Each structure stands twice: as C-alpha cells, then as structure tokens.
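Per my numbering, the sequence shown starts with residue 331, numbered consecutively.
Backbone N, C-alpha and C define an ideal beta-carbon position, used for all residues, glycine too.
Only a predicted model underlies this, so the values are computations on that prediction, with no experimental measurement involved.
One structure is given below, encoded as structure tokens.
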Amino acid sequence: MKSKRIQIVLTIFLSLTFLSTFQLIAQEHLDVDHQKKMYERNAMGDGTALKVLLFSGTGWFRHPDIPIVNGWIVRLGAEHNMQIDVSETGSDISKEKLGYYDVLLFNNANVLDKVFNEEQRNAIEEWYKDGGAIVGLHALLVHQENWPWIMELGGCDFNSDSEFLKAKVLVDPKAMDHPAVKGMGKEFWYEADWTNHTKSVTGLPGVQVLLRVDESTYEPIREYFKTRGGEGMGKDHPIAWTRVWGGGRFFYTELGHDIRSLNTDFGRQHLIEGIKWAVEKE
Numbered sequence: 331m332k333s334k335r336i337q338i339v340l341t342i343f344l345s346l347t348f349l350s351t352f353q354l355i356a357q358e359h360l361d362v363d364h365q366k367k368m369y370e371r372n373a374m375g376d377g378t379a380l381k382v383l384l385f386s387g388t389g390w391f392r393h394p395d396i397p398i399v400n401g402w403i404v405r406l407g408a409e410h411n412m413q414i415d416v417s418e419t420g421s422d423i424s425k426e427k428l429g430y431y432d433v434l435l436f437n438n439a440n441v442l443d444k445v446f447n448e449e450q451r452n453a454i455e456e457w458y459k460d461g462g463a464i465v466g467l468h469a470l471l472v473h474q475e476n477w478p479w480i481m482e483l484g485g486c487d488f489n490s491d492s493e494f495l496k497a498k499v500l501v502d503p504k505a506m507d508h509p510a511v512k513g514m515g516k517e518f519w520y521e522a523d524w525t526n527h528t529k530s531v532t533g534l535p536g537v538q539v540l541l542r543v544d545e546s547t548y549e550p551i552r553e554y555f556k557t558r559g560g561e562g563m564g565k566d567h568p569i570a571w572t573r574v575w576g577g578g579r580f581f582y583t584e585l586g587h588d589i590r591s592l593n594t595d596f597g598r599q600h601l602i603e604g605i606k607w608a609v610e611k612e
C-alpha cells in the first residue's frame with residue numbers, strides 16, 4: 331500500500347511538473363509572438379514604414395563623425411517610423427535593390443565616381459528618374475565633377491568652407507511654412523560648418539531655397555582655404571533647398587558635417603521633415 335501511495339504521489343508530481351513546463355513553454359511562445367506583433371505594430375504604424383537606404387561611402391576626405399551620424403540617424407528614424415539600412419559599398423546599389431527603398435540618403439558621401447561604377451551610377455539615375463527621392467547631407471555636393479548628373483541635381487559643387495561657427499540663418503520668405511524650417515521665424519542663430527558652393531542655386535528650375543546664411547555674421551573661409559582660392563558666396567548663400575526635377579525629388583542641407591549641427595531640436599526637425607518631403611508625391 332505504501333509503495334502504491336508513493337507511486338501515485340510520484341505520478342501526480344510528474345504530471346504537475348509536465349503541465350507546469352508545458353505552460354511555461356506555451357507562455358514563452360506567446361511572449362515571443364506578442365513581442366513580434368508589438369514590433370511589427372511599432373514598425374508599421376498606420377502604414378508601411380518608410381524605407382531609407384543611408385549611404386556613407388566616401389571617395390575623398392572621410393569625416394570621423396560619419397559612423398556617429400549614421401547611428402544617430404538610424405535611432406532618429408526609428409522614432410519616426412522609418413526603417414533605415416546603412417551601406418558603404420557600391421555592390422549594394424542596383425535599380426532592383428533601390429526599388430525596395432523610398433529614399434536614398436547620402437551622409438557626407440563625396441567623390442562618388444570613385445565609390446560607384448558606371449552601372450551603379452546609372453542605376454541611381456534611373457531609379458530617381460522613375461520617381462525616386464534623394465536626400466543629401468553636407469559633403470554630398472563635394473567634388474562630384476566626374477559624376478555630372480549628381481552635380482546637376484544638386485545644382486552646384488564645393489569651393490571651400492568655414493570652421494564650426496555660430497551664424498545668422500535666414501529663412502526664405504516663400505519657405506516659411508515648409509515643414510523642414512517651420513517655426514523658426516524669419517531668422518535664427520545656429521552653429522555649423524558652412525560650405526561655400528561653386529554657385530548659388532537660387533532660380534534654378536525646380537529649386538526652392540529654404541535657408542541662407544548671412545556671411546556678415548561669421549568668417550566664411552577657414553584658414554586652410556584662404557591660400558587655396560577659397561571664396562565666400564556673398565549675400566545669396568543658400569544652405570538648404572529642395573528641388574523637384576528630372577522625375578524625382580531632392581532635399582539638400584549643409585548640416586551634418588558632424589553630429590553637433592544635427593543633434594538639436596531644429597536639426598532633428600530639419601532632417602526628418604526633409605526626408606518626408608522628399609517622398610511626397612505631387
């Protein structure tokens with residue numbers, strides 16, 4: 331009898347242990363499924379997450395803040411329902427692969443004829459002409475003379491730049507309500523590395539200048555360029571603009587040489603709203 335009672339107790343114990351283990355495993359699966367659904371819900375929001383290819387390969391000077399800015403953009407995008415993938419190799423570029431993305435965002439990607447071969451450059455051009463969106467930070471418009479199309483899209487190239495300095499920034503009167511600058515008033519003070527371009531983009535077909543910098547409020551040419559033909563741009567010095575041209579949409583800003591000019595309330599607004607504008611359709 332005693333042996334039978336022990337057997338019964340042991341059977342009950344094993345049954346309860348099995349049931350408990352089964353419930354634990356089932357709960358773990360439920361937790362995983364729940365987490366997956368929550369992730370998908372957060373990623374998708376009210377619709378499909380905006381897909382951005384962040385490209386930061388360089389063919390010339392590589393700023394040490396590029397990886398820092400990349401990480402910052404990825405985290406910022408996650409807060410705004412954006413899936414941001416990072417690449418620095420031309421092998422990631424084809425028209426088929428670009429078709430997965432809504433935006434091609436260049437983070438200080440200069441001298442791109444040394445980064446992309448002709449086939450890859452053509453893929454970007456064709457994708458853009460089919461309605462693609464390109465966003466450029468700071469050094470995108472630096473020494474692109476050997477890729478005439480990207481220089482024509484941006485409207486200018488690089489001449490020289492300043493140190494990281496505070497300067498007065500002017501909002502173009504026609505752009506006061508643009509989301510990338512809205513709320514900043516007619517003018518404000520800001521710190522950045524200010525680029526002198528080869529020409530002003532004011533008046534180019536499809537261009538809307540958003541911001542200009544007042545060169546009288548800072549030294550526009552740093553010492554390095556004063557002996558190398560560096561020139562300021564004078565009263566018409568655009569530093570951020572949009573362009574609807576050639577089948578797609580383009581947003582450019584001089585901000586982003588390093589993280590300091592982006593990691594502010596305005597910097598976050600400026601970049602996120604610039605990306606969103608680029609993917610809007612007329």
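Original post:
For residue 495, which option in 402, 400 and 587 has the closest C-alpha, if you only look at C-alpha atoms?
Top reply: For the residues 402, 400 and 587, the minimum Cα distance to residue 495 belongs to 587.
**OP:** Check residue 428 in the structure and name its three-state DSSP category.
**Re:** Helix at residue 428.
Subject >> Classification of residue 476 by the beta-carbon crowding that lies within 10 angstroms, buried from 16 upward >> reply: With fewer than 16 other beta carbons inside 10 angstroms of its own, residue 476 counts as exposed.
**OP:** Check whether the Cβ atoms of residue 459 and residue 536 sit closer than 8 Å, and answer yes or no.
**Re:** It is not a contact, given that the beta carbons lie outside the stated cut-off.
Original post:
Given 8 Å as the limit, is there contact between the region 421 to 441 and the region 536 to 552, that is, 3 or more CB pairs closer than that?
Top reply: Of all C-beta pairs linking the region 421 to 441 to the region 536 to 552, fewer than three are shorter than 8 Å, placing the two stretches out of contact.
Subject >> Inter-residue CB distance, residue 543 and residue 527 (contact presumed, cutoff 8 Å) >> reply: With a beta-carbon spacing of about 11 Å, residue 543 and residue 527 fall beyond the 8 Å limit used to define contacts.
**OP:** Within 10 angstroms of the Cβ of residue 554, are there 16 or more other Cβ atoms? Answer buried if so, exposed if not.
**Re:** Residue 554 is exposed by the Cβ-count criterion.
Subject >> Own chain partners of residue 479 with C-beta closer than 8 Å, once the 5 adjacent residues on each side are dropped >> reply: Answer for residue 479: 451 and 455, listed in chain order.
Subject >> CA nearest to the CA of residue 417, picked from 446, 390 and 411 >> reply: Nearest in C-alpha terms to residue 417, of all of 446, 390 and 411, is 446.
**OP:** Quick one: residues in its chain with C-beta nearer than 6 Å to the C-beta of residue 497, no 5 flanking neighbours on either side, listed in chain order?
**Re:** When the five nearest sequence neighbours on each side are left out, the beta carbons in the same chain lying within less than 6 Å of the beta carbon of residue 497 are those of 543, 547 and 548, in order along the chain.
Original post:
Counting pairs of Cβ atoms below 8 Å between the region 504 to 518 and the region 597 to 604, do you hit three or more?
Top reply: Segments in contact, yes.
Original post:
Near residue 539, which residues of its chain fall below 6 Å by C-beta distance, leaving aside the five closest residues on each side in sequence?
Top reply: Closer than 6 Å at the Cβ level, and outside the excluded window around residue 539, lie 502, 532, 568 and 571.
Subject >> Test item: CB-CB of residue 597 and residue 585 under 8 Å >> reply: Here residue 597 is near residue 585, since their CB atoms are less than 8 Å apart.
Original post:
Looking only at DSSP bridge pairs, what is residue 520 linked to?
Top reply: According to DSSP, which records beta bridges pairwise, residue 520 is partnered with 497.
**OP:** Rank 492, 611 and 380 by C-alpha distance to the C-alpha of residue 563 and give the top, closest one.
**Re:** For residue 563, the closest alpha carbon among the candidates 492, 611 and 380 is that of 492.
Subject >> Helix, strand or coil at residue 343 [DSSP, three-state] >> reply: Only weak support is given to the placement of residue 343: the predicted model assigns it a pLDDT of 43, under 50, and the value that follows is read from those uncertain coordinates. In the three-state reduction of the DSSP assignment, residue 343 falls in the helix class, which pools H, G and I.
Original post:
DSSP three-state call for residue 446: helix, strand or coil?
Top reply: Annotated three-state conformation of residue 446 is coil, per DSSP.
Subject >> Alpha-carbon to alpha-carbon, residue 382 and residue 401 >> reply: Cα-Cα distance, rounded: 13 Å.
**OP:** Name, in chain order, the residues that DSSP records as bridge partners for residue 414.
**Re:** Residue pairing from DSSP places residue 414 in a beta bridge opposite 382.
**OP:** Determine the burial state of residue 388: buried for a count of at least 16 other Cβ atoms within 10 Å of its Cβ, exposed for fewer.
**Re:** Burial call: buried.
**OP:** State the beta-bridge partners of residue 582 as determined by DSSP.
**Re:** 466 and 571.
Subject >> Sequence-distant residues of its chain with Cβ nearer than 8 Å to residue 616 (five each side left out) >> reply: As shown, the chain starts at 331 and ends at 612. That puts residue 616 outside it, with no answer to give.
Original post:
Hey, residue 393 and residue 438: beta-carbon distance below 8 Å or not?
Top reply: Yes, Cβ-Cβ distance for residue 393 and residue 438 is below 8 Å.
Original post:
Quick one: what's residue 591 bridged to in DSSP?
Top reply: Answer is none; residue 591 lacks a bridge partner.
**OP:** Note the first and the last residue of the continuous beta strand (DSSP E) segment covering residue 391.
**Re:** Premise fails: residue 391 is in no beta strand (DSSP E) and is neither H nor E.
Subject >> Same chain, Cβ closer than 6 Å to residue 468, neighbours up to 5 away in sequence not counted >> reply: The beta carbon of residue 468 is closer than 6 Å to those of 438, 584, 586 and 587 in its chain, skipping five residues each way along the sequence.
Original post:
DSSP beta-bridge partners for residue 435?
Top reply: Bridge partners of residue 435 according to DSSP: 384 and 465.
Subject >> Contacting residues, own chain, Cβ-Cβ under 7 Å from residue 425 (five flanking each side not counted) >> reply: Same-chain partners within the cutoff: 453, 456 and 457.
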